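**Student:**
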Amino acid sequence: MPKKQCLSEIKRKYSVLTSVEKKIADYVLKNPSKVVNMSVRDISKEADVVNSAVIRFCKSVGFEGFPEMKIALAMENTKNEELNFNPYVSKDDKEEEVLKKIFSANVKALRDTLEGVDKKAFKKAISLINSAEKIFIYGIGTSAFLANEFQYRLLLLGYNAHVFTDAVKMRTASIIIGKNDLVIGISHTGRTSFVCDSVKCAKDNGAKTLCITSIEKSTLYDMCDVGLVTTSDEINYPVEALSARIAQLSLLESITAAVSLKSYEDANDKMLKCHEVVNTMRYKPKK
């Protein structure tokens with residue numbers, strides 16, 4: 040039984056597919072319900088490619104062959120139907136429909152990421168964090184929020200964590216980073232130049248590197264020692280969809296919880312003390 044999500048895997052690997060494979064990918068992404076009932080010959084005809092290209096495509100997106108990909112696709116279609124998933128916001132949608140579509144997209148992003156994230160890479164990420172002398176977290180734009188939040192969580196647990204969301208400071212920090220340090224780059228596309236260049240600089244100086252991204256085999260992913268990939272469907276409204284960020288935030292929260300297990304009692308004690316301090320800054324609840 041396939042463990043991978045078909046559509047999610049295609050989206051993750053789309054940027055590194057050949058032009059011929061992208062033609063097949065486009066057809067599968069647009070016609071997932073049809074493809075489960077089609078043969079290799081049917082798809083090759085519709086996508087205007089040779090039969091062997093379809094087989095190569097299946098292997099390029101992580102499946103042993105066409106039958107395994109079809110099974111994974113059928114399973115994913117069933118789950119999407121149960122969720123009644125349709126991410127596309129139309130100008131004719133009512134407010135309630137928009138609400139449902141956005142929430143459904145977020146739920147699907149969480150589900151797909153949980154099923155698709157590399158569990159071995161997740162364990163390696165925990166090990167890198169636990170063994171690092173200092174941790175440097177990079178993020179720009181909408182990734183800056185995630186970088187700040189993650190640094191704060193690690194700081195509360197007693198880790199020597201620093202965050203940089205400014206391109207100049209990020210690059211400067213990378214020059215002084217040592218071989219016992221860890222750099223974590225966060226980028227939705229994996230192509231944010233300031234983050235990629237700064238992570239590369241740190242890696243050249245001997246630091247270990249970890250990335251959080253939505254695109255497998257992206258520039259950032261390829262240069263890092265460990266990469267964690269989230270999954271989401273982009274939604275067609277005039278701002279970047281937050282479903283990817285919600286999946287990434289949940290992944291970072293999972294990392295925080297996992298690293299705290301190394302010294303659970305100590306971590307719990309630190310969190311309680313921080314909670315007490317924060318509580319002094321709140322108004323008393325109304326009676």
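Numbering of the sequence shown is given in my numbering, commencing with residue 40 and proceeding in unit increments.
Backbone N, C-alpha and C fix where the C-beta goes; we use that ideal spot for every residue, glycine too.
Just so we're clear, the structure is a prediction, and the values are computed from it rather than from any experiment.
Count the CB pairs spanning the segment 173-182 and the segment 67-79 that are closer than 8 Å, and state whether there are at least three.
**Tutor:** no
**Student:** The alpha helix (DSSP H) with residue 45 in it runs from where to where?
**Tutor:** 45-52
**Student:** Drop a sphere of 10 angstroms on the beta-carbon of residue 274, count the other beta-carbons inside from all chains shown, and report buried for 16 or more, exposed for fewer.
**Tutor:** Confidence at residue 274 is low in this model, with a pLDDT of 48, below 50, so the placement of that residue is unreliable and no value is reported for it.
**Student:** Would you list the one or two residues that DSSP bridges to residue 248?
**Tutor:** 222
**Student:** Would you check if the segment 254-264 and the segment 283-297 touch, i.e. whether three or more CB-CB distances between them fall below 8 Å?
**Tutor:** The segment 283-297 vs the segment 254-264: no contact.
**Student:** Assuming residue 116 contacts residue 75 under a Cβ cut-off of 8 Å, what Cβ separation, rounded to an integer in Å, is found between them?
**Tutor:** Their Cβ separation, rounded to whole angstroms, is 6 Å, which keeps residue 116 and residue 75 in contact under 8 Å.
**Student:** Look at the alpha carbon of residue 146 and the alpha carbon of residue 161, and state the distance between them as a whole number of angstroms.
**Tutor:** 21 Å
**Student:** Flag this pair as touching only if the segment 99-112 and the segment 43-59 have three or more C-beta atom pairs under 8 Å; answer yes or no.
**Tutor:** yes
**Student:** Helix, strand or coil, according to DSSP, for residue 260 in the structure here?
**Tutor:** helix
**Student:** Nearest by alpha-carbon distance to residue 301: which of 193, 258 and 222 is it?
**Tutor:** 193
**Student:** Which residues in the same chain as residue 97 place their Cβ atom closer than 6 Å to its Cβ, once the five residues preceding and following it in sequence are excluded?
**Tutor:** 104, 105 and 108
**Student:** Do residue 282 and residue 268 come within 9 Å of each other at the CB atom, strictly closer than that value?
**Tutor:** no
**Student:** On the CB-based measure, 16 or more other CB atoms within 10 Å of its CB, does residue 346 come out buried or exposed?
**Tutor:** This structure leaves residue 346 out entirely; the chain is present only between 40 and 326.
**Student:** Starting from residue 203 and walking both ways along the beta strand (DSSP E), at which residues does that stretch end?
**Tutor:** For residue 203, the enclosing beta strand (DSSP E) begins and ends at 200-203.
**Student:** Can you give me the C-alpha to C-alpha distance between residue 148 and residue 204, rounded to a whole angstrom?
**Tutor:** Going from the Cα of residue 148 to the Cα of residue 204 covers about 25 Å.
**Student:** Out of 169, 208 and 206, which one is the CA nearest neighbour of residue 299?
**Tutor:** 169
**Student:** Could you give the DSSP three-state label for residue 174: helix, strand or coil?
**Tutor:** strand
**Student:** Rounded to whole angstroms, what is the Cα-Cα separation between residue 237 and residue 247?
**Tutor:** 13 Å
**Student:** Can you grab the Cα-Cα spacing for the pair residue 64 / residue 206, in whole Å?
**Tutor:** 35 Å
**Student:** Hey, could you find the ends of the beta strand (DSSP E) residue 265 is sitting in?
**Tutor:** 265-268
**Student:** Starting from the C-beta of residue 230, find all residues in its chain whose C-beta is less than 8 Å away, skip the five residues before and the five after it, and write them out in chain order.
**Tutor:** 254, 257, 258 and 259
**Student:** Quick one: measure Cβ to Cβ for residue 167 and residue 249, integer angstroms, because I've assumed they're closer than 8 Å.
**Tutor:** 6 Å
**Student:** What's the call for residue 270, buried or exposed, on a 16-neighbour Cβ count within 10 Å?
**Tutor:** buried
**Student:** Residue 228 to residue 184, Cα distance in whole Å?
**Tutor:** 16 Å
**Student:** Give the straight-line distance between the Cα atoms of residue 295 and residue 189, rounded to the nearest whole angstrom.
**Tutor:** The straight-line gap from Cα to Cα measures roughly 8 Å.
**Student:** Determine the DSSP secondary structure at residue 71, reduced to helix, strand or coil.
**Tutor:** helix
**Student:** Where does residue 62 sit, in a helix, a strand or coil, going by DSSP?
**Tutor:** Looking at residue 62 - three-state DSSP - the assignment turns out to be helix.
**Student:** Tell me the rounded alpha-carbon separation between residue 313 and residue 195.
**Tutor:** If you take the alpha carbons of residue 313 and residue 195, they lie about 7 Å apart.
**Student:** Does residue 233 come out as helix, strand or coil in the three-state DSSP assignment?
**Tutor:** helix
**Student:** Would you report the Cα separation of residue 310 and residue 153, rounded to the nearest angstrom?
**Tutor:** 26 Å
**Student:** Indicate the three-state DSSP secondary structure (helix, strand or coil) for residue 278 in the structure shown.
**Tutor:** Residue confidence is low: residue 278 scores 48 on pLDDT, short of 50, so the model does not pin down where it sits. Its coordinate-derived value is still stated next. It is coil, neither helix nor strand.
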